[in-house]
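If you're matching positions, the sequence shown starts at 695 in this note's numbering and goes up one per residue.
Glycine included, C-beta positions come from ideal geometry on N, C-alpha and C.
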Amino acid sequence: MKPHVLIVMGSDSDLPVMDEAANILKEFGVPFEKRISSAHRAPRKTGALASEAAGRGIRIIIAGAGMAAHLAGVIAAETTLPVIGVPIGGGALNGVDALYAMVQMPGGIPVATMAIGKAGAKNAGLHAVAILALTDSDLAGKLKAYRETMARDVEEKDAALNCP
Ligand code: RP5
Numbered sequence: 695m696k697p698h699v700l701i702v703m704g705s706d707s708d709l710p711v712m713d714e715a716a717n718i719l720k721e722f723g724v725p726f727e728k729r730i731s732s733a734h735r736a737p738r739k740t741g742a743l744a745s746e747a748a749g750r751g752i753r754i755i756i757a758g759a760g761m762a763a764h765l766a767g768v769i770a771a772e773t774t775l776p777v778i779g780v781p782i783g784g785g786a787l788n789g790v791d792a793l794y795a796m797v798q799m800p801g802g803i804p805v806a807t808m809a810i811g812k813a814g815a816k817n818a819g820l821h822a823v824a825i826l827a828l829t830d831s832d833l834a835g836k837l838k839a840y841r842e843t844m845a846r847d848v849e850e851k852d853a854a855l856n857c858p
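If you want it as structure tokens, here you go:
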């Protein structure tokens, strides 16, 4: 099946974090593709990946990068598809640099920026699912069930805490 979500990361060192997004998409049965491309080491490849995505049937792009992370912004500049950014930790500033680079996009070219690291990558997957669920009732049902499972889990832990 053709991928609906494109996950792009700046380096293979980002893979352990970005796999959190991939795992969510797998769990929800959303077809996706993972690619490595760097906005500064491979700028032409990055531009082509972004500008050709919509034509290949991609609906959402998740971009993860660390340090001076311009990957998500560069991708967003080359496509009108929704772009979800995942700032990756590491380096001297441990992801705060990447967070600011993604979240502080100047007006006009948005990047929907998630939290730093694995929680952000997981939420990027879930946010992509939520966008796709707007036009896919099966997926909307799965997302509702996912939330209900989380709520049940809290209830069970709460009840266990007060058991003698
Ligand atoms: C960024 O620089 C990548 O996204 C990665 O998070 C960081 C370090 O890259 P490597 O030196 O590990 O390839 O471009």
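Query                                                                                                                                                                  : Result
How about V711 and A757: do their beta carbons lie closer than 8 Å?                                                                                                    : no
For K816, count neighbouring C-beta atoms within 10 Å of its own C-beta (all shown protein chains included) and say buried if the count is 16 or more, exposed if not. : buried
Does any heavy atom of the ligand RP5 sit closer than 7 Å to the C-beta of G767?                                                                                       : no
Do L719 and G814 come within 8 Å of each other at the CB atom, strictly closer than that value?                                                                        : no
Which residue marks the beginning of the alpha helix (DSSP H) containing M712, and which one marks its end?                                                            : L709 to E721
Determine the DSSP secondary structure at L700, reduced to helix, strand or coil.                                                                                      : strand
Is A759 a contact residue of the ligand RP5, with contact defined as CB to any heavy atom under 7 Å?                                                                   : yes
Is the region 737-751 touching the region 763-777 in the sense that three or more CB pairs, one from each, lie closer than 8 Å?                                        : yes
Pick out the complete alpha helix (DSSP H) segments inside the region 745-805, 4 residues or longer, and give them in chain order.                                     : 765-771 and 790-797
Can you name the start and end residues of the alpha helix (DSSP H) that I825 belongs to?                                                                              : K812 to A827
In the DSSP output, what is E727 paired with across the bridge?                                                                                                        : L700
Any heavy atom of the ligand RP5 within a distance shorter than 7 Å of the CB on M712?                                                                                 : no
Does the ligand RP5 have even one heavy atom less than 7 Å from the beta-carbon of S745?                                                                               : no
The ligand RP5 and S705: does the residue's C-beta get closer than 7 Å to at least one heavy atom of that ligand?                                                      : yes
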